[in-house]
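Okay, so here's the structure we're looking at.
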Amino acid sequence: MSVFIQQLPALLGVVIGALGSYVVVVRGDQARFRREQAARWEERKLAVYADYAHSVKKTVTVSFRVAAALGVDPHPDPLPLEEAKPLLGEATSRRDPAGEALIMLGSTVVVDRARDWVMTAMEMERFVRASTRDPKAWQSLLERQRAGREGYYTAVREDLGLPPGHSARWPSPAADAVPAQR
């Protein structure tokens, strides 16, 4: 029995070492799992944020083209309203589910900025659907849309922990510099 007692400290050391190793491995695995899970959620959020931006931008781009056909925007590819109606409907159909995903995964600030941007895009759509020919009102909508987009992208970058990005504001030709469309 005295041999067992002599070996007991070594045996206890092995048991304590094994338990310590187990705890370290388990904690490391848990930390790695949390990091990987957070990265997956960040990837999903980025995909949702980008998808929503594309869906809103589709409405904006078609609105630019119709406004060019109305003679109030310098877009180089004018599109008559009748041809644009299916594209506007498609953009709305795509934006609605993208908006639901955004509400589900987006931060409160991102969702609020998205709402600001999309409300202006919807006003732009109403403007062109009404065949309004008011260049000053259109320019006001353009500025609000640009500010809304910039606010959305800023909120997305902050939510994802990304550095500030480009404002995407660059000069464009004035609408009154475009020859009137028939």
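Residue numbers are given in the UniProt record's numbering: position 3 of the sequence shown equals residue 3, and the series is strictly consecutive.
Even for Gly, the Cβ is constructed at its ideal location relative to N, Cα and C.
Here the structure is a predicted model, which means the values were calculated and not measured.
Separation of residue j from residue i, as counted between CA atoms
{"i": "Gly89", "j": "Arg34", "result": "41 Å"}
{"i": "Phe4", "j": "Leu19", "result": "21 Å"}
{"i": "Leu12", "j": "Ala98", "result": "59 Å"}
{"i": "Arg133", "j": "Ala84", "result": "17 Å"}
{"i": "Gly17", "j": "Gln6", "result": "18 Å"}
{"i": "Tyr22", "j": "Ala10", "result": "18 Å"}
{"i": "Ser63", "j": "Arg126", "result": "9 Å"}
{"i": "Arg95", "j": "Val15", "result": "60 Å"}
{"i": "Ala69", "j": "Glu36", "result": "50 Å"}
{"i": "His54", "j": "Pro80", "result": "22 Å"}
{"i": "Ser2", "j": "Val24", "result": "34 Å"}
{"i": "Tyr49", "j": "Trp138", "result": "27 Å"}
{"i": "Gly141", "j": "Pro163", "result": "The question names Gly, but residue 141 in the sequence shown is Leu. If I take the Cα positions, the gap works out to 28 Å."}
{"i": "Pro86", "j": "Tyr52", "result": "19 Å"}
{"i": "Val128", "j": "Trp117", "result": "17 Å"}
{"i": "Gln181", "j": "Pro135", "result": "For Gln181, the pLDDT reaches just 41, beneath the cut-off of 50, and the residue's location in the model is therefore unreliable, although a value from the coordinates is still provided. For Gln181 and Pro135, the distance between alpha carbons rounds to 13 Å."}
{"i": "Glu124", "j": "Arg27", "result": "Note that residue 124 is Met in the sequence shown, not Glu. Going by the C-alpha atoms only, they are around 53 Å apart."}
Residue from the options whose Cα sits closest to the Cα of residue i
{"i": "Ala155", "options": "Leu12, Leu87, Leu46", "result": "Leu46"}
{"i": "Ala38", "options": "Ala147, Leu105, Arg113, Leu70", "result": "Leu105"}
{"i": "Asp77", "options": "Arg65, Leu70, Arg113, Leu87", "result": "Arg65"}
{"i": "Met119", "options": "Ser131, Tyr152, Lys136", "result": "Tyr152"}
{"i": "Ser107", "options": "Asp29, Asp159, Gly28", "result": "Asp159"}
{"i": "Arg44", "options": "Met124, Ile103, Arg149, Glu143", "result": "Ile103"}
{"i": "Glu82", "options": "Arg113, Ala130, Gln30, Arg157", "result": "Ala130"}
Backbone secondary structure at residue i - three-state DSSP
{"i": "His166", "result": "coil"}
{"i": "Ala68", "result": "helix"}
{"i": "Asp77", "result": "coil"}
{"i": "Arg133", "result": "coil"}
{"i": "Ser2", "result": "helix"}
{"i": "residue 244", "result": "This structure does not reach residue 244, given that the chain is present from 1 up to 182, and the question cannot be answered."}
{"i": "Gly148", "result": "helix"}
{"i": "Gly161", "result": "coil"}
{"i": "Ala10", "result": "helix"}
The ligand ATP heavy atom lying under 7 Å from the CB of residue i
{"i": "Leu105", "result": "The ligand content of the structure shown is nil, which means the ligand ATP is not present either."}
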